[in-house]
Every structure is written in structure tokens, then in C-alpha cells.
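Chains as they are written, first to last, in the numbering used here: chain A, 264 to 554; chain B, 16 to 193.
For every residue, glycine included, the Cβ atom is placed at its ideal position computed from N, Cα and C.
These numbers were taken from a predicted model, which means no experiment stands behind them.
Now the structure itself:
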């Protein structure tokens, strides 16, 4: 339960960091908060020969905000989102999602860039950043490129990052005042990874009508899934007229799953997703009626 | 670079340590400084027994590389001092909030963070906030009671001499049990 030996590098700037990554190649792994990487290393599931620790790089902790949105430095911790120590350009959605990650001690170390680079589909950031159509800026010795989060996440622990690329910041567009959000996370215990994770965005409506819904589901496949068919089904309906049961068939279709599967466990999982999406939809309107 | 030199402060005392790079903060504290109050349970971030304060915030010492603590201040259960720490220890003693004691250092550090926050928390909120610390004796009721009591005493100590100041910051909504 101790990590295998490695060489440790602590660059002071991004140029030095990407130079190291370029020189060290496949044997190097970037570490930021380490809240996912260190458990894996402690269990010897990963034994990188080199660790490049980017937490000493001041520019990766910076946030810049303008009218269009924010660029959050890659090593901004979950805690800083949770307590809005960085401006939240999504009307509280980022703060709410961050507060659901692990435990306080985890949120104090874990980072947004690290979570996206790790690409665990049951984690909070991949799903919410995909829902918000956020993008990462990625640096290597070849220069900077912008990668939408939806293109970054390729599968379980698999991303479009080259081994020598470093996420520098996460660009999140400002959510218009007319856009409302609701989220729901289903987990056995607070702090656990989600068994189902739903993010619902929609346009404000004075009535309980579901208007232009964008629904994203985490922990259901190897990357976050947009529930496009479910969106079409619920569009224009009164939220009170939609039940969780109504959502099972369209969600199954969006996931490519069989709602009539003989396996009760598979049917249970679909039902869990339907309940989670239903609660996220309802949460949108609860936020609105609170005003 | 298998070995690294790290400068950090432990219980307010500056230290320069030359350690293998793979040393976690927990192993640095236990094996190199003899501070065995920081316990190692799961070493994968789940049990919370290794919780310490790093730059005033609770972290998992098993999931923190010592090398990454360059310039940081570390406080372990042995160095937990001040009125809030004393309140918390007294409440743990009064409530009998430990059985085997293995989880206690982590419970105290995580609880200290809540007491210091000066936010009234409902029982459910205390349970939520403490959900990252596992007690395998399952002595949770007494632990939660002790932390609730210490939070209340901390708030009373602050508000008693002066007039009560309404708390209206952007902090998360808190219940008002009791």
C-alpha cells in the first residue's frame, strides 16, 4: 500500500513542465492534487517512473473572468469552487457540483484539471463540464490547443491528451441569466462516486413547463452521455406531468440499453438513472420557485 | 531524483527533510518524525484516519506526497492546540466518543475544522461533514454528539460577551437544531 519508487519533478513554470513531459515521454505522469492518482499508485495499479508535480506552478492556480465566462486554472481545487473563492459564472452550478465531490479533505487537494485528465465518468467534473460545453486549454512543446471537454473524454481513464500535454486551464462560458440548472447525484453514501449523476439545464419559464432541456448523465457509460432522445420527449411538458417511469424507455434508448432486459440488475440501473434524471429536472423548477 | 529535499513546518517547527520521493506525508510524519498519532487505515483516501491540517485545511496524509508539501505548514493531532481543540477533546471525553481509538485522530482533525468554522450545523449536516471518517467500532452517535456540543460551545464562546451578530455571509445554508 505504498507507491513504487519514482523520480519526482517539481517545475516552477508551465514551459519547464511541458519540456519535462516532452523529454520524459510515456514514463512520466502529471500529478496535481493526486486524490485519484495516489490511491492508484498506492495500490500499485500505476507505477510511473516519473511524476511531474504541477502544484508549484503559480499560473495554473489563476482564474481570469470576462463577460463571456471564466478560465479556471487547472490546479484550482474543488474546495475553491465549493466556497466560491473563484467566481462562479454558472449561477452556482459549479459550486454545487464541487461540494458533492468526495469529502472535505479530498476537496481541499483535488483539482478540476486533474479530474478532467483522469476522466472517470462517475466523477462530477466530466459530466458538468460536458453539459456546459466547457473546453480545456492544453499546452505542450508544440504550443497551445483548445479541446472541448466533449472531445477530450474518450473513455474510462482515457482522454485525447497526448502523453506530453498539460491542461493549463478550463474555459467555462457564462450561463445566461435565463438558463436554469438542476442536478442530482445518487450514491450509497455521501462522498462516494456517483451511481448515477444527472445535470439538467433549461430555459427559464414562469410555468412548470420544461423548455429547451439539455440533459447529461454521468456514471452510465464510459463517458458522460447527452440524453438527446429524452430531451425531445420531455420538451414542452409540465414537469409535474413527467414521472420517473416515463423516463426509463427514452433513457434506455439514449444509452443503447434494453429497458426490458431479463437481468433485474440491469433494469434496476436503468430505473436508478431515470429517478436521478427526474430529480434533476424537478430540481430546476425548485430553484425557480424559490425566488 | 529518487530522493528529494523538502522544507516544511510541522507543529510550527521548521524542518528540512531528505526523503525518498515516494514518501507520503503520513509516512514522513510517522516514520521520519515519530509522530505516530496520525494513523494509517486504508491508504486510499477512504477511512480518514490519516487526516492532518495542511496549511490550515484538513487533508488525507496518505494521499499527499511529502515532496508536494514544500513550504507548507502541517499540524497533526499531537499539535492540535487552542480553545477549539480543548473544547473538542473535552466533549469527546464527556461523550465517550471513542472506543478503540484508531479513528480518533482523524475524527478530531475533521471535527476541529467544523468547530473552527463557527457555523451552526444540524445533526444531519455534522453527519454529512463527518462522512469521510470511518469508525469501525461504529461509535458514531457519541462522536457526532461530541462534535455538535463542541460546535455549540465554540459559537457560544464567541457570541456570549458581545451582542449576537447575525451571520449572513455566503456560507451554505445551515439548520438551526436546538
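Residue-level contact by beta carbon holds for residue 369 of chain A and chain B, with a gap shorter than 8 Å. Contiguous alpha helix (DSSP H) elements confined to the stretch 438-516 of chain A occur at 491-497, taking only those with 4 or more residues. With respect to chain A, the C-beta atom of residue 143 of chain B has a partner C-beta closer than 8 Å. At a Cβ-Cβ threshold of 8 Å, residue 544 of chain A and residue 502 of chain A count as neighbours.
Here the alpha carbon of residue 144 of chain B sits roughly 15 Å from the alpha carbon of residue 341 of chain A.
Cβ atoms of residue 36 of chain B and residue 106 of chain B stay farther apart than 8 Å, at about 40 Å. Residue 314 of chain A and residue 471 of chain A have their C-alpha atoms spaced approximately 51 Å apart. Pairwise C-beta distances place the stretch 477-494 of chain A in contact with the stretch 510-529 of chain A, as three or more of them are shorter than 8 Å. Within the stretch 35-61 of chain B, the residues whose Cβ lies closer than 9 Å to any Cβ of chain A are, in chain order, 35, 36, 37, 38, 39, 42, 55, 57, 58, 59, 60 and 61.
Scanning its chain for C-beta atoms nearer than 7 Å, with the 5 sequence neighbours on each side dropped, one finds around residue 371 of chain A the residues 340 and 342, in chain order. Residue 79 of chain B has a beta carbon lying within less than 8 Å of a beta carbon in chain A.
Of the residues assessed, residue 404 of chain A falls on the exposed side of the cut-off, its CB having fewer than 16 other CB atoms within 10 angstroms. From the beta-carbon of residue 85 of chain B, the residues of chain A found nearer than 8 Å are 273 and 319. Residue pairing by DSSP places residue 291 of chain A opposite A/313 in a beta bridge. By the CB criterion at 8 Å, residue 538 of chain A and residue 507 of chain A fall inside the cutoff. Distance from residue 384 of chain A to residue 493 of chain A at the Cβ level is roughly 18 Å; contact not present, criterion being Cβ atoms closer than 8 Å.
Only 297, 298, 301, 302, 305 and 306 from the stretch 282-309 of chain A bring a Cβ to less than 7 Å from some Cβ of chain B.
Secondary structure at residue 385 of chain A: coil, using DSSP grouped into helix, strand and coil. Taking 8 Å as the threshold, the shortest C-beta distance from residue 66 of chain B to chain A falls below it. Residue pairing of residue 433 of chain A in beta bridges, as defined by DSSP: A/335 and A/399.
Counting along the chain, residue 414 of chain A sits inside the alpha helix (DSSP H) bounded by residues 412-415.
With contacts defined as CB atoms closer than 8 Å, residue 103 of chain B and residue 121 of chain B fail to qualify as a contacting pair. Contact check for residue 432 of chain A and residue 307 of chain A: beta-carbon distance about 32 Å, past the 8 Å limit, so the pair fails to qualify. Here the C-alpha atom of residue 382 of chain A lies approximately 13 Å from the C-alpha atom of residue 411 of chain A.
A check of alpha carbon separations from residue 455 of chain A across A/305, A/379, A/387 and A/446 identifies A/387 as the nearest. Cα atoms of residue 453 of chain A and residue 141 of chain B: separation of roughly 12 Å, rounded to the nearest angstrom.
According to the DSSP assignment, residue 352 of chain A belongs to no alpha helix (DSSP H), since it is labelled neither H nor E. Rounded to the nearest angstrom, the Cβ distance from residue 320 of chain A to residue 277 of chain A is 6 Å, consistent with a contact under 8 Å. If you check the CB distance, residue 25 of chain B and residue 48 of chain B come in under 8 Å. Residue state for residue 102 of chain B is assigned as helix, using DSSP reduced to three classes. Interface flag for residue 445 of chain A against chain B is unset, since no Cβ pair is found closer than 8 Å.
Take the alpha-carbon of residue 463 of chain A and the one of residue 416 of chain A: they are about 20 Å apart. Taking one beta carbon from each stretch, the stretch 296-303 of chain A and the stretch 442-453 of chain A have fewer than 3 pairs nearer than 8 Å; the two do not touch. If you ignore the 5 residues before and after residue 530 of chain A, its C-beta comes within less than 6 Å of the C-beta of 524, all in its own chain and listed in chain order. Note that the C-beta distance between residue 89 of chain B and residue 40 of chain B is below 8 Å. Contact note: residue 82 of chain B reaches chain A through 271, 273, 314 and 316, using a C-beta cutoff of 9 Å and chain order.
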